[in-house]
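A.B. asks: Residue numbers (the working numbering), protein chains in the order written: chain A, -4 to 142; chain B, 5 to 96.
Each residue gets a CB set at the ideal place from its N, CA and C atoms; glycine is no exception.
Model, not experiment: these values are computed from the prediction.
Got a structure for you, questions after.
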């Protein structure tokens, strides 16, 4: 699985972001247990683990529901057949292949850096670096490159 | 905010309030001193440096629960712990 460097790197980035999300979530639960009137610094909204929440922080019974599904309907309200087709094709590729989930790893650090009330300059610097590096990793992953 | 530790944890709360009131004068410096002590002990006994996080994390969580000033510090520790967690358990 980790033979191709590109695929390995995006898997590592995804795993690290997921683990950070998980640890921050556990930390929030622990802080809330220690002091119920304490600070709420992290909820799952906007994070990757939110994709698995079936409400009240429970998992779905059916694992098949976690697989991405494509949206096959075409919106007729835009009135432009070219942009409509382009949007539909892009949405289908992103959703049905699970790429949108992988692309979510790009925006993940911003949610928890801002949730921790870090200085905006710090969050901006780290977020910009993360965006660029992960975007390259995603491109390498799609191309099947050696990174 | 210090009363939280004093009332809830007893022995550790005595250490924290005693250090803050008599030695350092600030909760940040108290945490820094305890953290340096743990890291020093970890290095001294040649444990991996991640081992100190196991001891420091409950302390950080307690400080985060007490006051919002420690959210960023504790968050950095949680992020680092997340990376350690991913590297050791998921990425092989």
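For the segment 93 to 122 of chain A, list every residue whose C-beta sits within 7 angstroms of some C-beta in chain B, in sequence order.
C.D. replies: Per Cβ criterion, the list reads 111, 112, 113.
A.B. asks: Please list the residues of the segment 36 to 48 of chain A that have a C-beta atom closer than 9 angstroms to any C-beta atom in chain B, keeping them in chain order.
C.D. replies: Correct list: 36, 37.
A.B. asks: Determine whether the beta carbon atoms of residue 45 of chain B and residue 23 of chain B lie at a separation below 8 angstroms.
C.D. replies: The answer is no: Cβ separation not under 8 angstroms.
A.B. asks: Where does residue 95 of chain A fall in DSSP's three states?
C.D. replies: Helix, per DSSP.
A.B. asks: In whole angstroms, what is the alpha-carbon distance linking residue 26 of chain B and residue 56 of chain A?
C.D. replies: Roughly 55 angstroms between the two C-alpha positions.
A.B. asks: Output the distance between the C-alpha atoms of residue 142 of chain A and residue 85 of chain A, rounded to the nearest integer angstrom.
C.D. replies: Bear in mind that a pLDDT of 49 at residue 142 of chain A, under 50, signals an unreliable position, so the number given afterwards is only what the model happens to contain. So the alpha carbons of these two residues sit roughly 24 angstroms apart.
A.B. asks: Taking a Cβ distance cut-off of 9 angstroms, strictly less, list which residues of the segment 53 to 65 of chain B are near chain A, in chain order.
C.D. replies: From the segment 53 to 65 of chain B, only 61, 62, 64, 65 have a Cβ closer than 9 angstroms to chain A.
A.B. asks: Let me know the secondary structure DSSP gives residue 46 of chain A once reduced to three states.
C.D. replies: Of the three classes helix, strand and coil, the one that applies to residue 46 of chain A here is helix, per DSSP.
A.B. asks: DSSP three-state call for residue 112 of chain A: helix, strand or coil?
C.D. replies: In the structure shown, residue 112 of chain A sits in coil (DSSP, three-state: anything other than H, G, I, E or B).
A.B. asks: From residue 39 of chain B to residue 132 of chain A, what does the alpha carbon distance come to, in whole angstroms?
C.D. replies: Each residue's alpha carbon lies about 35 angstroms from the other.
A.B. asks: Assuming residue 139 of chain A is part of the alpha helix (DSSP H), what are its boundary residues?
C.D. replies: Looking at the DSSP string, residue 139 of chain A is not in any alpha helix (DSSP H), and its letter there is neither H nor E.
A.B. asks: Near residue 42 of chain A, what residues of its chain come up, given a Cβ to Cβ distance below 6 angstroms and the 5 sequence neighbours on each side ignored?
C.D. replies: Cβ within range, chain order: 16, 106.
A.B. asks: Contact criterion: CB-CB distance below 8 angstroms. Does residue 10 of chain B meet it with respect to chain A?
C.D. replies: With a pLDDT of 49 at residue 10 of chain B, under the threshold of 50, the predicted position of this residue should be treated as unreliable, though the coordinate-derived value follows. It does not; no Cβ of chain A falls within 8 angstroms.
A.B. asks: Go through its chain and collect everything with a Cβ distance to residue 35 of chain B's Cβ below 8 angstroms, but skip five positions before and after it.
C.D. replies: Closer than 8 angstroms at Cβ, skipping near neighbours: 63, 64, 67, 74, 77.
A.B. asks: Just checking: is the beta-carbon of residue 22 of chain A within a distance shorter than 8 angstroms of some beta-carbon in chain B?
C.D. replies: Yes, residue 22 of chain A lies at the interface with chain B (some Cβ there is under 8 angstroms from its Cβ).
A.B. asks: Which residues bound the alpha helix (DSSP H) around residue 34 of chain B?
C.D. replies: Per DSSP, residue 34 of chain B belongs to the alpha helix (DSSP H) from 31 to 48.
A.B. asks: Taking a contact to mean a Cβ-Cβ separation below 8 angstroms, would you say residue 33 of chain A touches residue 40 of chain A in this structure?
C.D. replies: No, they are not a contact pair.
A.B. asks: If you follow the alpha helix (DSSP H) that residue 62 of chain B is in, where does it begin and where does it stop?
C.D. replies: Start and end: 55 to 70.
A.B. asks: Among A:114, A:109, A:128, A:48, whose alpha-carbon lies nearest the alpha-carbon of residue 100 of chain A?
C.D. replies: Nearest option by C-alpha distance: A:128.
A.B. asks: Mind pulling the chain A residues with CB within less than 8 angstroms of residue 17 of chain B?
C.D. replies: The contacting residues do not exist; residue 17 of chain B stays about 12 angstroms from chain A at best.
A.B. asks: Going along chain B in order, which residues have a C-beta closer than 8 angstroms to the C-beta of residue 17 of chain A?
C.D. replies: Residues of chain B passing the Cβ test: 86, 89.
A.B. asks: Grab me the residues of residue 88 of chain B's own chain with a C-beta within less than 6 angstroms of its C-beta, minus the 5 sequence neighbours each way, in chain order.
C.D. replies: Correct list, in chain order: 54.
A.B. asks: Here's a check: name, in chain order, each residue in its chain whose Cβ is nearer than 6 angstroms to the Cβ of residue 103 of chain A, leaving out the five neighbours to either side.
C.D. replies: Closer than 6 angstroms at Cβ, skipping near neighbours: 12, 43.
A.B. asks: Anyone know if the C-beta pair for residue 86 of chain B and residue 111 of chain A falls short of 8 angstroms?
C.D. replies: No.
A.B. asks: Starting from residue 72 of chain B, find everything on chain A with Cβ-Cβ shorter than 7 angstroms and list it in chain order.
C.D. replies: Chain A residues near residue 72 of chain B: 34.
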